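Before any comments, here is the structure.
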Amino acid sequence: MLDDLKIFITAANKNSLTAAAQHLDMTIATVSRRISALEQKLGCELLHRSTKGLTLTPVGESYYQECAEFIDALDQRISNLDQTLNSLKGDLKILAPVNLGSGPLDAFWQNFVQRYPDIELNIELSNAIQDIRDTRADIALRSGNQPSSSLIQKKLGHIEPILVASPNMAFPLPTSIDALQHAPSIASNMFADWLLMNNQGERHPLNKEHRHISNDMTITLNLAKAGAGIALIPMSMVVNALESGELIRVLPEWRGQNREIFLVWPYRRSLSARAKLLRDELTQYLHQQSWFHPSP
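Numbering of the sequence shown is given in numbering that gives the first Met the number 0, commencing with residue 0 and proceeding in unit increments.
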């Protein structure tokens, strides 16, 4: 009905079905039919049609005065919304896990703001699963499947957690999975219970008492570099330390459970052009990283 009202308002403003049809990019027959349908629905005649054009009936005049301002305001809001959604200028709020958003993605954020200076990033890092609707975020980077059916989930790929230690650790490095049980270890709360697997499909749960525990994986990484023990850490966080020799792999045939990475956003919210751009740029960036395994 709102569309029919807009056609009626346009026809009244133009005083012509032909001019209204041209303005709305419709046929004259469609404009006439839609106005007739509105009149039938309201049970009154809104416009007098004559060879001289259109004039409002008394009821049409009353209806026009009541609706025209509302329709114009609605059109303006829709136009503003369209500009907001389709503009590459403006704010963009992103949620991400702490130890993925900071560290592994540092170079991505730097490159993104250099390439798109008109996009104002609002990056909120947290390991707690925040409701993307309550936080009014545009898009969220998440680890693991999301239970909510109100979210669109785009799987980007996965990151492998691996066992690492300092080459200067005083304790002898284990040479078997059984020996790992007795080696000093460090863990974050997220990876306190180790489920290890190898390429042969063997799975080995390792529930051991860790020497050091932290709620932040960066601390776990730094303690491992200091030689405090063996740690199970995502490859994304240790790739530089492995290349520099600060850390070495322990039992390289074993790894932790894949850390699946998703981008999520609400079903009922249109992604802005800025969020779509970030989605595409981030996907491309991750696919180029040696520590990331893209989804097929």
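We treat Cβ as the ideally placed atom computed from N, Cα and C, and that holds for glycine. This one's a predicted model, so the numbers in the text were calculated from it and none came from an experiment.
Per the DSSP secondary-structure output, Ser213 pairs in a beta bridge with Ser187.
Separation of the CB atoms of Ser289 and Val237 is rounded to 12 Å, and the pair is thereby denied contact status at 8 Å. Rounded to whole angstroms, Leu104 and Ala191 show a C-alpha spacing of 24 Å. Comparing C-alpha distances from Asp90 to each of Pro295, His292, Ala274 and Glu245 shows the shortest one belongs to Ala274. Taken through DSSP and simplified to helix, strand or coil, Ile229 comes out as strand. Exclusion of the five residues before and after Pro204 leaves Asp192, Trp193, Leu194 and Leu195 as the residues of its chain whose Cβ lies within less than 8 Å of its Cβ. Looking at the backbone, the Cα of Ile138 and that of Trp264 are separated by about 5 Å.
Gly228 is not a Cβ neighbour of Pro166, given a cutoff of 9 Å. Within the segment 16–79, the complete alpha helix (DSSP H) segments at least 4 residues long are 16–23 and 27–41, listed from N- to C-terminus.
Residue range Met234 to Ser243 is occupied by the alpha helix (DSSP H) that includes Met236, with no beta strand (DSSP E) assigned at that position. The DSSP-derived three-state label of Arg273 is helix.
A check of alpha carbon separations from Ala240 across Trp253, Arg254 and Ala225 identifies Ala225 as the nearest.
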